[in-house]
Amino acid sequence: MTKDTVEYFQDQLELWITSRKKLQEHLNTNRLIYIIEKTIFMIANLALYFRSRLNITLFIFIVVNTIGVVLFIVLDYECVVVDEEFRDRKLARNNTIEKKTLKPARRMKEIFQTVASLGLIINVTMLVEQYLDKVI
């Protein structure tokens, strides 16, 4: 092997390692953000359930956390798929990170945030209604 060939392969290996680290950092950041969001929504819904003790708040808590678990599974699957696709490509294309979030995970995240937010709004409304019934 010539010196130029060895240098070429070393450069390509360094490019691959660098882009792999960037991709892993991005995936870890997405997981951390999701875990924090899910924990905040879970604690808020659980606190509102313990405060009001209504069946609908328990139902909201169950639905929101079920969607959250499904989203966590989809995000985990997404990380595996992105990792496999990343390895299958040519090294020349690995300079940039392409398609960081797949469609199912993006849609699931939107659904989770919508349902969790609506659940919190409904729970807070019911809590305020209970409080106002006591006042009146």
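If you're matching positions, the sequence shown starts at 0 in numbering that gives the first Met the number 0 and goes up one per residue. We treat Cβ as the ideally placed atom computed from N, Cα and C, and that holds for glycine. These numbers were taken from a predicted model, which means no experiment stands behind them.
Inter-residue CB distance, residue i and residue j (contact presumed, cutoff 8 Å)
i, j, result
"threonine 56", "methionine 107", "Not quite, the Cβ-Cβ distance comes to about 23 Å (not below 8 Å), so this is no contact."
"asparagine 44", "phenylalanine 60", "4 Å"
"alanine 46", "leucine 74", "At roughly 25 Å, the Cβ-Cβ gap does not stay under 8 Å, so alanine 46 and leucine 74 are not in contact."
Residue i to residue j span [Cα, whole Å]
i, j, result
"tyrosine 7", "isoleucine 120", "58 Å"
"methionine 41", "valine 63", "8 Å"
"valine 5", "tyrosine 76", "36 Å"
"glutamine 112", "tyrosine 48", "19 Å"
"threonine 28", "arginine 50", "33 Å"
"valine 21", "glutamate 13", "The sequence given here has lysine at residue 21, not valine. Their Cα atoms are separated by approximately 12 Å."
"glutamate 97", "isoleucine 39", "Since pLDDT at glutamate 97 reaches only 49, below the 50 mark, its modelled position is unreliable, and no value is offered."
"glutamine 11", "arginine 30", "29 Å"
"serine 18", "glycine 118", "39 Å"
Proximity below 8 Å, CB of residue i to CB of residue j
i, j, result
"phenylalanine 71", "tyrosine 33", "yes"
"isoleucine 66", "isoleucine 110", "yes"
Assigned exposure category for residue i - 16 Cβ within 10 Å defines buried
i, result
"isoleucine 16", "exposed"
"leucine 122", "Looking at the sequence itself, residue 122 is asparagine, so the reference to leucine does not match. That one is buried."
"lysine 37", "buried"
"leucine 26", "buried"
Test: residue i CB closer than 8 Å to a CB of chain D
i, result
"threonine 28", "Of the protein chains in the structure, only one exists, and it is not chain D."
Segment limits, alpha helix (DSSP H) that includes residue i
i, result
"arginine 50", "2-51"
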